[in-house]
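S.K.: Let me give you the structure first, and then I'll get to my questions.
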Amino acid sequence: MVSRRPIESDTLIMVCPPYVCVPYEPRKQFVCAYCFKEFKYLEERAKASQEAGEGANGGQNAGSTKSESSSTSSGVFPPPTESLDASLAQLQVDEPKAPTEGEQSTNAPEVPPMPETIIDELLQCQGCKEVWYCNEECRLADLAEHGYYECRALAKFDIPWAKGYYSYCDDLITDIRLILRAINKRYWQLGQNIDEFAEEYQLLISNMSCYTEDVLTSLRSIVQYANYLLPDEVIISDDELLEIYCKHRVNMFGLWANGGECLGYGVYPRASYFNHSCWPNTTFYKNPDLKVPHMNFLTVWPIQGEGEEVCISYIDISVGLKERRNTLLDKYFFHCTCERCMLQELSPEEPDPYYIYWAPAPPPDGYAPGDPNATPSSPPAAAATAASAPTIPPEETPFDIPPEK
Ligand SMILES: [Zn+2]
Ligand SMILES: [Zn+2]
Ligand SMILES: [Zn+2]
């Protein structure tokens, strides 16, 4: 994406709506699945009560997880790739409850949302018991995106089993939830003759041809499981789901709370036009005002004029040249030749120009992509984003977007 004109720093250049987004698995009970408002005080209360040994039988607010109460999670199941049907047949999941006629209504309730301070617990979807909302208003607003196939698929999803089976399971479960939601969205849109972002989503790159066969085999086993969860009316091949999954892997953005905790992940097709730079002139963050979690893109450096590329950072840019390039190659399959990488490659003995610029001393000539005398009013945002990442392996941290090829 290139600029058509000069843009000052701190300019909001895009407010991007999501195609789909889901709460981050470990925090799903404390983040509304519609508006992504986080209920930190409920989470803290749950943690405190868990620490006090009251968590095991205290219901959702005591922070008990399904794994503590589930009777289906015992035993070891063979990998879904090997014998998916056989292993899943043992799961003894309950018949999923489809939303009733009444629940399909899109009429918002008369009741205004309760003030946050008196919400004592979030509203749990009774169809799947896997998503939580601020209130009835948010639940009803989310019905189109949740109530067709996602609710039924999540009701079938044996998350305790998945947690016992997969490593890095919180991320994989979040990945699977995003796949299910994308499928729900597609079918709902088809049924309603709505095509908002459908084409842009369709055009997202997947980088599928860049994966090794081993990695593809692992990813395929995950989509086979997702396909098993989907109701029978959804006819979709594993190959197509695999492509969707690969698209998500390179196009996901993290949704971060102000306090720095991960709220969830989303796909923002329009935002995927931004290329990467290790010295980005634009940052992104969750829009604080809109109910559906839009992503704001804000310049952090002045953009000089027509033709200058507008870039964000896909990765943690606080690390050194080699680590940045390796991460970008592993996750996004390109060798970074951004200005900072090239300066560091050509003068490996010199200090990192990025940090020279951000240090109190003025930068050397030619190092700053913007006005060298400008004092950015916000810190390097990509570094801030990465610093708040949860402690999960970098290759499983799907909060970045892909290079435009
Ligand atoms: Zn809400
Ligand atoms: Zn549900
Ligand atoms: Zn770079």
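So for the sequence shown, my numbering puts the first residue at 3; every next one is plus one.
Glycine included, every Cβ here is placed at the ideal spot set by N, Cα and C.
1) Please go through the same chain and pick out, in chain order, the residues whose beta-carbon is closer than 6 Å to the beta-carbon of P233, but skip the five residues on each side of it.
2) Measuring CA to CA, which of W281, R47, D318 and T301 is closest to Q346?
3) So which residues touch the region around ligand 5, with touch meaning a C-beta under 5 Å from any heavy atom?
4) Applying the criterion that 16 or more other CB atoms from any shown protein chain within 10 Å of the CB defines a buried residue, is K187 buried or exposed?
5) So which residues touch the region around ligand 3, with touch meaning a C-beta under 6 Å from any heavy atom?
6) Can you check DSSP and say which residues form a bridge with H148?
7) Work out the CA separation of G309 and C171 for me, nearest whole Å.
8) Chain C beta carbons: is any one of them nearer than 8 Å to that of R141?
9) Does the beta-carbon of M344 have 16 or more other beta-carbons within 10 angstroms, so that it is buried, or is it exposed?
10) Does ligand 1 have a heavy atom nearer than 7 Å to the CB of K39?
11) Given 7 Å as the limit, tell me if Y150 has its C-beta closer than that to any heavy atom belonging to ligand 1.
12) Is Y135 close to ligand 1? I mean its beta-carbon at under 7 Å from any heavy atom of the ligand.
13) Just curious, the alpha helix (DSSP H) that I15 is in, first and last residue?
14) What is the residue span of the alpha helix (DSSP H) that K288 lies within?
15) By the 10 Å Cβ neighbour count, where 16 or more other Cβ atoms means buried, how is S349 classified, buried or exposed?
16) Any chance you could list the beta strand (DSSP E) runs of at least 3 consecutive residues sitting entirely within the region 295-329, in chain order?
17) Helix, strand or coil for W163? Go by DSSP, reduced to three states.
18) Just the Cα atoms here: how many angstroms apart are S211 and E46?
19) Could you name the residues of the same chain whose beta carbon sits closer than 8 Å to that of G307, not counting the 5 residues immediately before and after it, in chain order?
20) Nearer than 7 Å: is that true of the beta carbon of C34 relative to any heavy atom of ligand 1?
21) Checking the sheet assignment: what are the DSSP bridge partners for H278?
22) What are the start and end residues of the beta strand (DSSP E) that includes V24?
23) Near L244, which residues of its chain fall below 8 Å by C-beta distance, leaving aside the five closest residues on each side in sequence?
24) Which residues mark the beginning and the end of the alpha helix (DSSP H) in which Y43 is found?
25) Flag C140 as yes when its Cβ comes closer than 7 Å to any non-hydrogen atom of ligand 1, and as no otherwise.
26) What are the boundary residues of the alpha helix (DSSP H) that includes M3?
27) Give me the Cα-Cα distance between E112 and A54, rounded to the nearest whole angstrom.
28) Under 8 Å between the Cβ atoms of C34 and Y267?
29) Assuming I317 contacts R326 (C-beta within less than 8 Å), just tell me the rounded distance between them.
M.R.: From the atom records:
1) Beyond the five residues adjoining it in sequence on each side, P233 comes within less than 6 Å, by CB distance, of Y151 and R154 in the same chain, given in chain order.
2) Nearest to Q346 by alpha-carbon distance, out of W281, R47, D318 and T301, is W281.
3) Of the ligands this structure carries, namely ligand 1, ligand 2 and ligand 3, none is ligand 5.
4) Under this definition K187 is a buried residue.
5) Checking every Cβ against the heavy atoms of ligand 3 under 6 Å gives C280, R326, C338, C340, R342 and C343.
6) Answer is none; H148 lacks a bridge partner.
7) If you take the alpha carbons of C171 and G309, they lie about 43 Å apart.
8) Any reference to chain C falls outside this structure, which holds one protein chain only.
9) When all chains shown are included, M344 counts as exposed.
10) For K39, the shortest C-beta to heavy atom distance toward ligand 1 is below 7 Å.
11) Shortest gap from the CB of Y150 to any heavy atom of ligand 1: 7 Å or more.
12) It does: the Cβ of Y135 is within 7 Å (strictly closer) of some heavy atom of ligand 1.
13) First-last for I15: L14 to C18, but that is the beta strand (DSSP E), not the alpha helix (DSSP H).
14) Bounds of any alpha helix (DSSP H) do not take in K288; it lies within the beta strand (DSSP E) bounded by T284 to K288.
15) Classification for S349: exposed.
16) Counting whole runs of 3 or more residues, the region 295-329 contains the beta strand (DSSP E) stretches 297-301.
17) Helix, per DSSP.
18) Those two C-alpha atoms are separated by around 44 Å.
19) Short of 8 Å from the beta carbon of G307, and not among the five residues preceding or following it, lie these beta carbons of its own chain, in chain order: S5, R7 and P8.
20) Yes, the Cβ of C34 comes within 7 Å of a heavy atom of ligand 1.
21) BP columns for H278 point to I314.
22) Segment V22 to P25, the beta strand (DSSP E) holding V24.
23) Correct list, in chain order: M210, L218, L221, R222 and V225.
24) Counting along the chain, the alpha helix (DSSP H) containing Y43 begins and ends at K42 to E53.
25) Under cutoff, so the answer is yes.
26) Unbroken run through M3: none, as it is neither H nor E.
27) Its pLDDT being 42, under 50, E112 is placed unreliably by the model, and the measurement read from it follows with that caveat. When the Cα atoms are used, E112 and A54 turn out to be separated by approximately 39 Å.
28) By the CB criterion at 8 Å, C34 and Y267 fall outside the cutoff.
29) Cβ atoms of I317 and R326 come within 8 Å of each other, at about 6 Å.
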